[in-house]
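Heads up, the thing below is written out as structure tokens.
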Amino acid sequence: MDFGLSEEQEHLQRSAREFLERECPATFVRTVMSDPEGFPRGLYRQMAELGWAGLVIPELYGGLGLTLLDLALLMEEMGRAVLPGPFFSSTLATLALLQGAGTAQKKEWLPRLAAGDAVASLAWIEANDRLDADGISVRARKVRGGYRLSGTKMFVTDAHVADVLVVACRTGKGEEGVTLLLLPGDTPGVIIRPLQSIDQTRRPMEVELRDIELPPSAVVGGEGKGWKVLARVLDAACVALAADSLGGAQKSLEMAVEYAKVREQFGRPIGSFQAVKHMAAEVVSEVEPARSLVWYAAYACDAVPREASRAAAMAKARLSDVYSRTTNRAVQIHGGIGFTWEHDMHLWFKRAKWNEFAFGDATYHRERLARLARF
Amino acid sequence: MDLSFSPEHEEFRRQVRAWLKVNVPKRDPDESLADYSDPKRIQRLKAWQRKLDDAGYLAMGWPKEYGGQGADLMRQTIVNQEFVLARAPQQIGMMGILMVGPTLIQFGTDEQKRRFLPKILSAEEIWCQGYSEPGAGSDLASLKTRADLVGDEFIVNGQKVWTSNAQFADWMFCLVRTDPEAPKHRGISYLLIDMKTPGISLRPLIQMTGDAGFNEVFFDDVRVPRRNLVGELNQGWLVANATLAHERNMLGSTTRTQLMFNGVLRLAQTRERYGTLASADPVVRQRLADLMIRVEAMKYHSLRQLTDALKQRPLGIGASVNKLVSTELNHDIAALALEVMGNYAPLARKSAHVIDRGIWPYEFMFTLGLVIGGGTSQIQKNIISERGLGMPRGS
Chain A
3 MDFGLSEEQE HLQRSAREFL ERECPATFVR TVMSDPEGFP RGLYRQMAEL GWAGLVIPEL
63 YGGLGLTLLD LALLMEEMGR AVLPGPFFSS TLATLALLQG AGTAQKKEWL PRLAAGDAVA
123 SLAWIEANDR LDADGISVRA RKVRGGYRLS GTKMFVTDAH VADVLVVACR TGKGEEGVTL
183 LLLPGDTPGV IIRPLQSIDQ TRRPMEVELR DIELPPSAVV GGEGKGWKVL ARVLDAACVA
243 LAADSLGGAQ KSLEMAVEYA KVREQFGRPI GSFQAVKHMA AEVVSEVEPA RSLVWYAAYA
303 CDAVPREASR AAAMAKARLS DVYSRTTNRA VQIHGGIGFT WEHDMHLWFK RAKWNEFAFG
363 DATYHRERLA RLARF
Chain B
23 MDLSFSPEHE EFRRQVRAWL KVNVPKRDPD ESLADYSDPK RIQRLKAWQR KLDDAGYLAM
83 GWPKEYGGQG ADLMRQTIVN QEFVLARAPQ QIGMMGILMV GPTLIQFGTD EQKRRFLPKI
143 LSAEEIWCQG YSEPGAGSDL ASLKTRADLV GDEFIVNGQK VWTSNAQFAD WMFCLVRTDP
203 EAPKHRGISY LLIDMKTPGI SLRPLIQMTG DAGFNEVFFD DVRVPRRNLV GELNQGWLVA
263 NATLAHERNM LGSTTRTQLM FNGVLRLAQT RERYGTLASA DPVVRQRLAD LMIRVEAMKY
323 HSLRQLTDAL KQRPLGIGAS VNKLVSTELN HDIAALALEV MGNYAPLARK SAHVIDRGIW
383 PYEFMFTLGL VIGGGTSQIQ KNIISERGLG MPRGS
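Residue numbers (the working numbering), protein chains in the order written: chain A, 3 to 377; chain B, 23 to 417.
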């Protein structure tokens, strides 16, 4: 029995923290936030050189072939650093390719993704904001020579810089009527309109698909097999995002505690007041068990497939709540300065809100858990 | 990360489970866990403890030379967990085995070890803990019960309170003030007091559950031989704190929480609430799922701590939240059970139409006691923030 990290994993996490503290401090995050594209290409290339872009891609395709737990540890550090850019979007699309793509597709895309020469994104949600298979309504009509695609996808992060999109389309009824199609970003008829998020480290896009024709070779995982692939990717997405939240919550706590030790009012550090220190203690009492939950969920995705969905739902539900609550307390402990644009606290506060709702909020995942556990 | 147990430990678990299957006595379902008013029950529990000793499941963590099993942490954990799962009776000599025994092993003289340890194991002598006083609760170190050294004897005067099981305990391990001039933590000593000594009197306190578990204990010129001092004079605070760290029963306690959650889930799946099955109500489902997530998180959290302990890593800040989180979680689970039951919730043990023999309102009360006892949630938050986060102490 070993519920802990290996030496390699501890090293990965430590070196990721050092790298991001050096290369992605809050000042850097802010320059990316105010940049219209929001894609720090130089940093992304460095990350790819460290092997991060190909972390979960098999060595055969130029990656490191590591596990989801390794990815979660990396995501934790990225959340800590409120890392901007398409890493998360591209990783999810990569996971979809790993789950469903044929050899030719893998050969075409995985080495480029691993090298950081290409980025990808997953287009699945629509204006109805549903998270189940029935929410997917964008039609891929069968025509001679392939599919004709029309409709609009929403909240596609980093679509504007994606070389390729994995698009969930409807080719029939129900879960068996969902098909994933590989769509190069520069295909004529792909119209991308940016949405503005309060969390400027994320770049959600509205993607209109106007009469696009794709060959049968664009199908990922077989026609009608899209939801099966997607379901596993969404579990992984929940775990990865929960890990991002965990890292962000930990960092927010640390910032608040450090501030409370030095800020004085009534002639003493505010951290000596129980009203303040108990807020911090309550955060610790939520964050520490949550860390164990995230580790387990990642491990379950790697090694206990029958528990993966349940564990992912638990991790996403818990961290949705915990990250938002933590940043709320952290802003309050900072007082007025925490409400300013000038102080960095709002970067985490806003990221918490993005993380809370993306891929389903706590309420959604608790109900999902209730069904999976047959309440 | 690998959550499988070694074949050797799996085999051990099978043995424990098989032994429990044959040996756990059938429980009277109406019997309250904390009620020791029936002397026959005390005799039964003493016999159970001797049976555990014979079978090799008592004092798992004590070294063999002192009559323990000298088991590794993994085996201790397996025994804790399996005993909870089998709903085995609690150990009546728990205070001796978990608290005073390890203290004597660490700080006791050879004579003290020889005199006391065997009878702790055999349940011939039951121990109670004399820590809290009317004026010393959360601020335990301000305790005032005095022990004045006169010749070879301490003369003890004062009062203890919330003393569980004092009504049938043979001995008390007790914190007393031996130097009123010294700073409060440095004037305390750790004494072993024979409960039959003249000058000791008891007044039972009835808990809100109706159980008579607590007592007030009064000391009026009670003479205690100097040889019953454990550790150095005025070093009692250190001695007492060293043994608090001995208790590492986490996986057992998360297993208990798990069983309680299973209970409330079953309840929700069988009870109608305002005309629909409780477990079909969206709000109840949300609350159940939230509790389930918190229960599971603590389960993995305890595995993480067990791993750290096996690797002999220091207890991190993660361990400091155990008491706060698990006691409040238990209470929240019981609270949801009551909500599911509606007007049936407050029905007491012997009432007509009572559900589950009244265990839920009982647990609801009992678990709030655990939120307070052993350091209130507020004290826990002080500890987490001051020792864990290094936040400044209040003035």
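All C-beta atoms in this analysis are idealised placements derived from N, C-alpha and C, irrespective of residue type, glycine included.
7 Å Cβ cut-off: residues of chain B touching A/Gly273: Met413 and Pro414
Is the shortest distance between the beta-carbon of A/Gln276 and the beta-carbons of chain B less than 8 Å? yes
Beta-carbon of A/Glu290 versus every beta-carbon of chain B: anything under 8 Å? Contact with chain B is found for A/Glu290, since one of that chain's Cβ atoms lies less than 8 Å from the residue's Cβ.
Own chain, CB closer than 6 Å to A/Leu97, minus 5 neighbours either side, in chain order: Result list for A/Leu97: Val235 and Ala238, in chain order.
Please work out which residues of its chain come closer than 6 Å, Cβ to Cβ, to B/Asp24, disregarding the five sequence neighbours upstream and downstream, and give them in chain order. Closer than 6 Å at the Cβ level, and outside the excluded window around B/Asp24, lies no residue.
Unbroken alpha helix (DSSP H) run spanning B/Gly391, endpoints: Ile381 to Ile394
List the residues of chain B that A/Thr365 touches, going by C-beta distances under 8 Å, in chain order. Simply Gln308.
Exposure label - B/Arg409; buried when at least 16 CB within 10 Å: Burial is judged here by how many other beta carbons sit within 10 angstroms of a residue's own beta carbon; B/Arg409 has fewer than 16 and is exposed.
Would you call the CB atoms of B/Arg199 and B/Ala234 closer than 8 Å? no
Within 8 Å (strictly less), CB to CB, does A/Ala242 reach chain B? Residue contact check for A/Ala242 against chain B: no CB pair falls below 8 Å.
On the DSSP letters alone, give me the boundaries of the beta strand (DSSP E) that A/Thr154 sits inside. Gly148 to Thr159
Could you give the distance in angstroms between the alpha-carbon of B/Phe105 and the alpha-carbon of B/Leu42? 7 Å
Pick out whichever of A/Ala319, A/Tyr149, A/Leu374 and A/Pro42 has its Cα sitting closest to the Cα of A/Leu295. A/Ala319
Taking 7 Å as the cut-off, is the beta-carbon of A/Asp4 closer than that to any non-hydrogen atom of the ligand GTP? The ligand GTP is not among the ligands present in this structure, which contains no ligands whatsoever.
Suppose you measure from the CA of B/Glu269 to the CA of A/Gly118; what does that come to, to the nearest Å? A caution first: B/Glu269 carries a pLDDT of 49, below 50, which makes its placement in the model unreliable, though a value can still be read off. Those two C-alpha atoms are separated by around 51 Å.
Chain B beta carbons: is any one of them nearer than 8 Å to that of A/His280? Interface criterion met: the Cβ of A/His280 is under 8 Å from a Cβ in chain B.
Just to confirm my understanding: we take B/Cys150, look at its own chain, exclude 5 residues before and 5 after, and list those with CB closer than 7 Å. What are they? Met117, Thr185, Ser186, Asn187, Ala188, Ala191 and Met194
Which of helix, strand or coil does DSSP assign to B/Asp378? helix
Top-ranked residue by Cα proximity to A/Ser247, from A/Pro206, A/Glu290, A/Tyr261 and A/Glu210: When each option's Cα is compared against that of A/Ser247, the closest is A/Glu290.
In chain A, which residues lie with their C-beta within 7 Å of the C-beta of B/Glu318? In chain order: Leu295 and Met316.
Cα-Cα separation, A/Phe21 to A/Glu256: 19 Å
If we cut at 8 Å on Cβ distances, does B/Thr231 have a partner in chain A? no
Tell me whether A/Leu371 is buried or exposed, calling it buried when 16 or more other Cβ atoms sit within 10 Å of its Cβ. buried
With DSSP as the reference, label B/Gln151 as helix, strand or coil. It is a strand residue.
Drop a sphere of 10 angstroms on the beta-carbon of B/Met230, count the other beta-carbons inside from all chains shown, and report buried for 16 or more, exposed for fewer. exposed
Three or more beta-carbon pairs under 8 Å between the stretch 61–80 of chain A and the stretch 303–316 of chain A, yes or no? yes
What are the start and end residues of the beta strand (DSSP E) that includes A/Gln198? For A/Gln198, there is no enclosing beta strand (DSSP E), as DSSP gives it neither H nor E.
Ends of the beta strand (DSSP E) at B/Arg245? Phe236 to Pro247
Meets three-Cβ-pair contact criterion under 8 Å: the stretch 392–412 of chain B and the stretch 332–351 of chain B: yes
Proximity to B/Val183 [Cα-Cα], best of B/Ile127, B/Pro202 and B/Phe241: B/Phe241
Which runs of the beta strand (DSSP E) fall wholly inside the stretch 182–214 of chain B and span at least 3 residues, in chain order? 193–199
Which chain B residues are close to A/Glu369, counting only those with a beta carbon under 9 Å from its beta carbon? Pro304, Arg307, Gln308 and Ala311
In angstroms with no decimal places, state the Cα-to-Cα distance between A/Glu78 and A/Leu7. 14 Å
Applying a beta-carbon distance threshold of less than 8 Å, which residues of chain A neighbour B/Tyr322? Phe5, Pro291, Ser294, Leu295, Trp297 and Tyr298
Beta-carbon separation (whole angstroms), A/Arg32 vs A/Gly250, contact threshold 8 Å: Not a contact, Cβ separation roughly 16 Å.
Whose Cβ in chain A lies nearer than 9 Å to the Cβ of B/Asn494? Residue 494 of chain B lies beyond the range of chain B shown here (23 to 417); nothing can be said about it.
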